[in-house]
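Undergrad: Please read through the structure below; I'll follow up with questions.
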């Protein structure tokens with residue numbers, strides 16, 4: 163979703179190296195109580211419909227049990 167509405171920008175723009183992204187994701191998985199600000203990492207883009215941005219942010223929730231199931235995502239995009 164991010165790439166479609168951000169004119170091909172790279173996700174995780176605040177992190178310069180792939181190893182940095184991998185380390186941060188690993189730390190998030192191990193420490194679910196640490197807040198993760200998905201909106202800061204994936205800011206709303208002008209061409210990005212607000213509804214699609216909300217879906218993207220819901221898919222980034224920690225812990226993963228709070229994320230929508232694929233069936234829910236399919237319904238949101240119908």
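In our numbering, the protein residues as written are 163 to 240. All residues carry an ideal CB built from backbone N, CA and C; glycine is no exception. Values in this document were obtained by computation on a predicted structure and should not be read as measured data.
1) For the candidate residues 192, 166 and 187, whose alpha-carbon lies nearest to that of residue 200?
2) So what's residue 215 in DSSP terms, helix, strand or just coil?
3) If you draw a straight line from the C-alpha of residue 234 to the C-alpha of residue 210, how long is it?
4) Please report the residue range of the alpha helix (DSSP H) in which residue 202 lies.
5) With a CB to CB cut of under 8 Å and the five nearest residues on each side skipped, what residues in its chain are close to residue 164?
TA: In short, the structure shows the following:
1) 187
2) helix
3) Taking the Cα positions, residue 234 is about 20 Å away from residue 210.
4) 200 to 203
5) So the qualifying residues of the chain are 171, 173, 204 and 218.
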